[in-house]
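Using full-length UniProt numbering, you'd call the opening residue of the sequence shown number 1 and step up by one each time.
C-beta atoms are modelled at their ideal positions from N, C-alpha and C, and glycine is treated no differently.
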Amino acid sequence: MAEKLVSILIPNFNKEAYIPHTFQSICEQTYSNWECIVVDDHSTDASLDLLRDFAGKEPRIKVVRRPDHLPKGGNSCRNHAYSLASGEFVQWFDSDDLMLPHCLQEKVDFLESHPEFAFVASRAEIRYEEDYAGPQTFHQNIQSDQAVEDYLRFRILFITGGPLFRREVFEKTGLFSLGLKKHQEWELFFRVILNYPTWGIINKPTYVYLIHGNSISGQIANKREKLVNAEIAAVQTALNPATNPFSSKIPPAIYRQTCLRYLRFSLIHKRLKDAGWFFTQYLRQLTR
């Protein structure tokens, strides 16, 4: 049986320090039938030259710049990469993380032997870089018997490179929200679990997640206000029918509990407008 194609989709912006190791780890995969599509977000460092050098040596790597008519940002680059992809499986990845050699092989083997699952999630090996000064604790639960509630409480966490998806998933759920700068994976993966509430588990690391001072995780850990804003924006996007057409699949009791929890959260952090939004959504749920 021929191996199915995996599309590895990567946005890049100014990651020249990490690109050599990241793309070498991709080239060393034991699973051979993959394509890697990288969309560069008009980097100002040597990233694009490094990427083109890899692409010149490895025909499975395709590098493009974000078209000028598309908005700047990682989400736009990810969505554009998806539009260029041909694979039956989709592996989102970041240009500063590392794949362990068996990463793709184990995930593909799992999905091929478990057709009942639309995606499989694996753990990450967490590495903290020397320039990271935040707390060295990282919550990494990838399984639950009450997926929707636990996900809305941030008890479940799928890091970008963790899941491998069947392409049909995103044909149904849509892609990354252009309105979010942080927690965008959380919001997209929430739409996924609303439609596919059970998934496969590979209970060991298949990739390395680097946390460094310039990473989104590193920046958030050091800037509390940005963390608050990002969390509120992501939850609002997840609950709002205008941005999440699957929000009606959230059980009403869980929806109301989430609204009340973030009403309190917004008041504590003096986000009165956001508190009003959550209160309005709560009242609408009561009248449904």
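Item: Just how far apart, CA to CA, sit ASN240 and LYS15?; Value: 34 Å
Item: Answer with buried or exposed for ILE268, where buried requires no fewer than 16 other C-beta atoms within 10 angstroms of its C-beta.; Value: exposed
Item: Could you have a look at GLN17 and say whether DSSP puts it in helix, strand or coil?; Value: Checking the sequence shown, residue 17 turns out to be Ala, not Gln. Residue state, collapsed to three classes: coil.
Item: Out of curiosity, what's the CA-to-CA distance linking LEU9 and THR287?; Value: 42 Å
Item: For ILE156, name the three-state secondary structure that DSSP assigns.; Value: coil
Item: I believe ILE126 touches ASN141 by the beta-carbon criterion, under 8 Å. Please report the beta-carbon distance rounded to the nearest angstrom.; Value: Rounded, the Cβ-Cβ distance is 13 Å, inconsistent with contact.
Item: Kindly indicate which three-state DSSP category LEU51 falls into: helix, strand or coil?; Value: helix
Item: Are the CB atoms of PRO115 and GLN29 within a distance shorter than 8 Å?; Value: no
Item: Can you tell me where the beta strand (DSSP E) with THR206 in it begins and where it stops?; Value: 200 to 211
Item: Using a threshold of 8 Å, state whether the C-beta atoms of ASP45 and LEU210 are closer than that.; Value: no
Item: Can you grab the Cα-Cα spacing for the pair LYS62 / GLN146, in whole Å?; Value: 39 Å
Item: Return the bridge partner residues of CYS77 from the DSSP annotation.; Value: Answer is none; CYS77 lacks a bridge partner.
Item: Below 6 Å CB to CB, which residues in the same chain sit around CYS259 once its five sequence neighbours on both sides are set aside?; Value: PHE278, GLN281 and TYR282
Item: With a Cβ-Cβ cutoff of 8 Å, do PHE246 and ASN195 count as a contact?; Value: yes
Item: By a C-beta neighbour count over all protein chains shown, 10 Å radius and 16 as the cutoff for buried, is GLY161 buried or exposed?; Value: buried
Item: Mapping the DSSP letters down to three states, classify ASN229 as helix, strand or coil.; Value: helix
Item: Quick check on DSSP: helix, strand or coil for PRO241?; Value: coil
Item: Can you give the Cα-Cα distance for GLN285 and HIS42, rounded to whole angstroms?; Value: 43 Å
Item: With residue 345 and ARG66 assumed to form a contact (beta carbons below 8 Å), what rounded beta-carbon distance in angstroms separates them?; Value: Outside the displayed span of the chain (1 to 288) sits residue 345, for which this structure offers no information.
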